[in-house]
Amino acid sequence: MIEQANFSLQKVINKLLEITTKEKDIDTFLIKSLDVIVGETELLGFLDKGIIFLKRNNEFMRVIAHKNIDEAVLKQCGHVRKKDCVCGKALCSITHQFKQDVSKVHNNKVILTEKNICSFPINYKDNCYGVLTLYLKDEAYYFDTTVNEITSICNTIGLVIHEKRMQRYADFVKNKLDVSYGDQYFKHLANFFIEEFKMKYCFIGTYNNSLEQISSIVFMDKNEQLDDIVCNIENSPTEVLLKEHFCMFPKNVQTIFPDDVELKKYDVQSYVGILLHNENETPVGAILLMHDKAIDEKEQEDMKQVLSIFTPRLRGECERKLHENNLFIEQEKYKNIIEELQDVFIRTKITDDGNEIIEASPSAFKFSGYQPEDLIGKSPEIFYFDLNQRKAFHQKLFEDKKVENFPLTFVKKNQDLIHAKINAQLICDENSIPIEIRIFGRDITESINEEIRKEIAYVVAKKSQRRAININTISEYLYKMLGRVTNVSNFYISFFNEAEKTIFFPVHADGEDNKIEFEVEKEFNSNGFFEYIISHKSSIIHNEAELHELILRNRLKVTRTVPKSLVSFPIRNEGKVVGALTVMSYTTSKTICNSDLELLEFVSTQLSTIVEREQWQKSLIEKEKYFRTLVESSHEVIGIVDVNGVMQYISESVKSILGYNSYEMIGKSFVDFVPEYYIQQVKHNFDKTTQQLRNNNSDTVKVINKNGETRIIHFTLNNQLTNNVVQGIVFNAQDITEKHYAQKKLEASKAKLIEQEKNYRNIFNNSNDGIVLFDENFKIIDVNKRMTAISGFTKYELLKSSILETLQYTENNEIIKEIRKLDGINKKSVLVEKIIPHKENKILYCKVFVKKIPESENEQGYFIAFITDITKSNEAIQKAIDLENALHYTTNVIYADLTGKIMNVSENVSKKSGYSKKELIGASTKIFNSNFHPKEFFKEMWETILKGDVWSGEVRNKRKDGSIYWVYSTIIPIRDIYKKVAYFINVQQDITEVKQVKLNRIRDVIDAQEKEKENFAKELHDGLGQILLASKMNLSSLQEDMLKLDEPILDVYNNSMKLLTASIQEARNVSHGLMTRVLAQFGLAQAIDDAINNVNMLDKSLVFTFKHNIEGVRFEGEQEKALYRVVQELITNILKHSKASKASINLNLDNNLLHIEVKDNGVGLFNNLKDNGSKGIGLKNIETRLDYLSGTFKISDKVKNGTKINIVVPVSFFDK
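Position one of the sequence shown corresponds to residue 363 (the numbering used here), numbered consecutively onward.
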C-alpha cells in the first residue's frame, strides 16, 4: 500500500505526452513509452520487464517493444495467434487478462502465483491497437486501483497511436493532396499507397461499363510513372473485384489467372484491389496494388481501413474524370449537329430611314422563329440582342466592305437567344454609295452552349479541388454560369441542417415570385415538397403529371404552384444525401436538353465533393485542435534554459500554471521567478546540475506566478549541454501546489485519524450520554458504560436484546418506520423523548437521538443512538415553570424578543399600564415610552442587554390614559443552547410613591438652601454692604487733607481706598450670585449670560462664551432655578480649579429635552476625580439637583486636555 501510494499516474501520463511531442514515429514512441511504464509501475508490484504488441490483423500480433524478455519468449511471441495466449485474449476481449488461475483470496486481495502475466488492451474507443503485458512480482497483491491505473495508461497510449496515425494521414492530405490537382493528385496518392503498404505497383483507373474494362489514370512503379494500360475484366483479378468489391491474392496470382497478359508483363505475384463506386453502387474506378513478391494476407484488414480514409474523395475524382471525358461532344453527335445546321440568307436595303429586309431564305424560320414572308419590310434591328455588337458589326462592314465569321447574338421570336456566325457583304452603286447588305448566317448556339458547359465543368472541377472553397460562393457562381446555357429562373441549391431542423439555400431563384435570394434559411417541414426532394436518394426528372402523382402518393404539403417540369440531382456527403440541386419550370415541360442534364448531374457530384471536402477539413481542424489542446492544456511545461539559466524556450502551457505568456518569460533568467530568499539555493542546485553528466535530476522549487502567488513546481532536468543541437538544459515542470498541500493535509488527516482511533474508545466509554450501536434488524451490537449506568442492565444483558426491547417503545411500528427512512440526505436523524424503565423499576425520562452511519469500504452500515437521561433536568424545568407561574401572578414581568417586540406579559403589567394583554402582546415596548428619557438612555440600555449583560435602572412609563408611573426595571438576557441571546425578561417594581417621596425630600432641601441664600444675600447687601459703603464715603471726605501728607502715608490711603472699593464690589457680586432676581425676571438664558459677563469683567485671563437656542423660553419655576444653580456651580468650579484660558457653555433645547454642554481647556476634572477618588461638595450638589430634575450628568473621559460635561434634563415649560 505504501508503494502504491507513491505511484503517480499523472506523472507517467505526462512523460508519455512528452515523448509523443518529440517522437513522430509510432514504434519509437512505444519503445520509449515501455521504458517509462516498466520503470514507474514497479511501485505497483510489477517486475522490471514488459512487452508491447501491436495488432497485425484479426489473428496475429507483432512485438513492437520489449524489455528484459528472453529471446526464446520473443521468438514464440512473434508467431503466437491471438486466441492461444493471454495477450491475445486481452486483445480480443478488450479487457485485462491474467496467465494463471486465482489460487488464494486473503483480506479481499487476490494473491497471484506462477508467472503472474498481466495483459492490458491498448485501445481507443472501439478500436483495439495492441496489448501491454507486464509481470507481477511473486505473491504480489493485486488491487482494483492497479488495474484502473494501468488501464488509464493504456488508454493514453491508444489515444496517442490513433492521433499519430490520423495526424500522419492528415499531414499527407494537407501538404500533398490538398495542393494537388488533376493527374498530380493521383500520382501523389499512388506513391503514398506504395510506401504505406510496401508494394511495388499502384494502379488507379476509371471503369468503363460499356467496354467492360478499367483504364488507368495513373500507373506508378514507386516514383516512376509507367505507360497507361487498360485492364480487361474477363479472366482477370478485376472480374473478382467487380463481384466482391475487394479482393486479395497474396501469392501466385499469375497461376490463378494465366490469361492475364498484364500480370505476366510486370511479373506480378501478389495483388490487392478495392472497387470505387458511386452512391448508386455503380462502379466508377478501382485501386490496384501489386508486388513482384508474395505478401502477408494478415495485412488485409489494416489495408482496408487505411484505404477507406481516402476513397471518398478518390471516388469523386474518378467520377470527375469520367464526366470530364464526357464533356467533349462525341464524334457522331457532332456530325449530326453539323448536318442539321442550315445557313440562312437575308438581304436588306439601305435607305435614308434605315435598313429594311427585302428577302429571306426559308431557313429563316428555324433560325429566328419568323416565317420568311413575315420578315419582309421589317427592320433587322429587332433581332439584335446587343446594340453595341450591332454597332461593331456595321462599323467593320462599312470599313472592309466584307465580313467573315463575325459572332452575333440574336433574339428569336420566342425571346430565346441564338448565337450565330455571320458572313456579310456590302453592295454599293456606281457611285460607291452603299445600297444593300447581303448576309449569310449560321446557327452555332449548340456548339457555343457546349463550350460554356465545358467551361463550367472545368471551372467547377478545378474549384472543387481547392483547399479552401466556400459552398455559398460556388453556388452563386453556378447560378450565374448555368444561366448562360439554360433557363435558371427557377433554380435552387438546398441543404438540410439536421441539427437545427432547417433548410439552407445558398441560391434560391423563384420565377413565380420574380425573386432571387442568396444564403436563405427556411424552417424544415417533415412532409414538405423541398424536404422530399432533399431526402430522395436518387435523381428526379418529372413532368407536371408525374409531380402531381408524386405529391399525392407521398402526401406532400405544397403551398405553391406545381411546376410543369422538375429536375433534381442529390448532393451527398460520404454517401448520405444532404442536399439537392433543382431546376424547374412553371411554363413548359421541355426546358432542359440532355447535355444540360449531364452538366447538372456532373455539377451535383462536384458539389458533393466540395461538401465532403468541407466536412473533411472541419474534421481535420477539430482533430488538430483536440491534439493541440491535449498538449497545450497539459499540466506540464516543457522548456530549455542555457548555461546561465536564461529561458531559451518554454511551452504555452506555462500560462495556465504561472499566468505568464511564453514570450514574457523567454530571455529572462529563471531566478527572476523564484522568491528572493530562495535564489541562492536554487542557483547552487542549478550550477550543480550543469556540472553533472547524468540526466533526469528531479526536485521541487517555489515559483512566484504573475499574481504574486507562490506555486510549488516539480521539475525534471535533462542536461543537454553537450548536445550540439540543443546546447541547453531541457526541463519538464509540473504544478503540484494543490497536490503538495493536499498531501500535507492527507498526512495530517491520517495522523488525526490515528489519534481519533486511539481516543475513540475513551470517548465512547466516557461519554456523558448513553450510546447504543444497532444493526438494521435493531439488534444491539455495542453499548458504552454510561448506557449500562442509565439502564441498570449489564453490557452482556443489553447485547442479547434489541434496541426496541431496551426502549420498550409502545409504538414499535412507528419508530421502525422513522428509523427506516434515515438515509443521511432527506432524513438525517430521529429524535424522541420517552420514559425508559430502569432494571430496578425506576422511571427515567430520556431523550433518544438516532442517526444512521452509512456503510464504508471496510464496514457495513449501522445505526447509533444517543440516550440522554433528562429526568433531573425535567424536574428542574418543572420547578422553573412553577416559579414562572408564581412571578406571572405576583410581579410585573415582560417577555420581549431581540427587537423589543413583546412576547408575553404578566397580569400585573396589564393592570398597571391600563392596556389589555391582547393589546400588549405583539406590540413594541415603546408603547410605555413617556418621552421623558433621552435617546442615549435607551441606547445604553440596549447595548448592555444585547451584549448579554443585565441592566437595571429607573424608568418613567406612561399608562394608556396618559398618566405617568415610575418603575425600577431589571432586564435579564436569556441565552439559547448556543450561548446566544434569545430574548429578554424585564422584571419591574413600581417605585412611583418612593420616587415622589424622594423628590419631595430633595425639593425641601433645595428650597431650604435657596431660602437661606436669599436671606444671607439680603443681609450681606443691606448690612455689610451699607457699612462698607459708609466707610468709603468717610474716607473720601479726607482726600484733600491726605494730599497734604507725606507720600508714604498717601500711598497707604490710596491702597485702603482700593481695597474698600474691591470689598464693596465683592459684596455686591456675592449678594448678586446668591439672589436670583435676574433669573426670576428674565429667565435662565439671561441669568447665565449675566453671570458669564461678570466673570469676563473680573477675570481677564479667562475667555468665557455662551451659546443657546432658548431666547424668550421660560421653564417651570423650580426647574429653572435648579438649572441655574447647576450651571452656576459649574462656572464656579472652572474659576476655582480648572486653570483654563477658554471655557464655553452651550444650551440646546430639543423638544422637551434640554442639552447642556460645558467645556474648558484646563487641567481636567476627570483626571482630578481619578487622582482624588471622590467627588467634591459642588459635584454632589449638582448630582442632587439633577437627580431631582431626573436628568443625566456625564463627564467625558475622551477629552485629552480640559473638561467636557454633558447634561440632559427633561423640562416643563412655564405657562404664561
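Even for Gly, the Cβ is constructed at its ideal location relative to N, Cα and C.
Could you have a look at residue i and say whether DSSP puts it in helix, strand or coil?
i, result
"Arg-424", "strand"
"Val-1642", "Here the chain has residues from 363 to 1578 only, and residue 1642 is not among them."
"Gln-587", "strand"
"Asp-872", "strand"
"Lys-697", "Model confidence at Lys-697 stands at a pLDDT of 40, short of 50, so the residue's coordinates are unreliable; what they give is reported in the following sentence. It is helical."
"Ser-888", "coil"
"Val-472", "Note on Val-472: pLDDT 38, under 50, position unreliable in the model; the coordinate value appears next. If DSSP states are grouped into helix, strand and coil, Val-472 belongs with the strands."
"Ile-1028", "coil"
"Arg-1337", "strand"
"Pro-645", "strand"
"Lys-948", "The identity of residue 948 in the sequence shown is Tyr, whereas the question assumes Lys. DSSP places Tyr-948 in coil when its eight states are reduced to three."
"Lys-304", "The displayed coordinates of the chain run from 363 to 1578. Any statement about residue 304 would go beyond what the structure contains."
"Val-1489", "helix"
Is it right to say residue i is buried, meaning 16 or more other beta carbons lie within 10 angstroms of its own, or is it exposed?
i, result
"Leu-588", "exposed"
"His-1295", "buried"
"Ser-465", "Caution is warranted here: a pLDDT of 39 is assigned to Ser-465, below 50, making its placement in the model unreliable, and no coordinate value can be reported."
"Asp-791", "exposed"
"Tyr-1039", "exposed"
"Lys-1288", "exposed"
"Lys-884", "exposed"
"Leu-474", "Low local confidence applies: a pLDDT of 37 at Leu-474 is under 50, so the model's placement there is unreliable, and no value is given."
"Asn-1563", "exposed"
"Cys-1208", "buried"
"Val-1465", "exposed"
"Pro-1335", "buried"
"Ser-1111", "exposed"
"Pro-925", "buried"
Can you check whether the CB of residue j is closer than 9 Å to the CB of residue i?
i, j, result
"Pro-796", "Phe-760", "yes"
"Ile-780", "Asp-805", "yes"
"Leu-494", "Leu-409", "no"
"Val-1255", "Ser-1268", "yes"
"Leu-406", "Ile-519", "no"
"Pro-674", "Glu-976", "no"
"Thr-355", "Phe-886", "One cannot answer for residue 355 here, as it falls past the ends of the chain, which runs 363 to 1578."
"Ser-957", "Ile-896", "no"
"Phe-1032", "Val-1003", "yes"
"Lys-1183", "Lys-1189", "yes"
"Gln-1619", "Leu-770", "What is shown of the chain runs 363 to 1578, which leaves residue 1619 out entirely."
"Ile-523", "Ile-484", "yes"
"Ser-1018", "Ile-1000", "no"
"Glu-380", "Glu-998", "yes"
"Lys-655", "Ser-632", "yes"
What does residue i pair with, by DSSP beta-bridge criteria?
i, result
"Glu-1316", "Tyr-1330"
"Tyr-1011", "Ile-1002"
"His-1076", "Thr-1062 and Gln-1096"
"Gln-575", "Asn-570 and Asn-594"
"His-1470", "Leu-1509"
"Glu-879", "His-870"
Three or more beta-carbon pairs under 8 Å between the segment 1489-1509 and the segment 1518-1527, yes or no? yes
Do the segment 1471-1478 and the segment 1562-1576 touch if we need at least three Cβ pairs shorter than 8 Å? yes
Are three or more beta carbon pairs between the segment 1303-1318 and the segment 1209-1217 nearer than 8 Å? no
Segment contact flag, the segment 565-572 with the segment 676-685, C-beta cutoff 8 Å, min 3 pairs: yes
Touch check for the segment 1323-1333 and the segment 1221-1240: three-plus C-beta pairs under 8 Å? no
May I ask you to verify whether the segment 809-821 touches the segment 924-940, counting CB pairs closer than 8 Å and requiring at least 3? no
Do the segment 594-608 and the segment 619-629 make contact, defined as three or more Cβ pairs closer than 8 Å? yes
Are the segment 639-652 and the segment 553-563 in contact at 8 Å, needing three or more beta carbon pairs? yes
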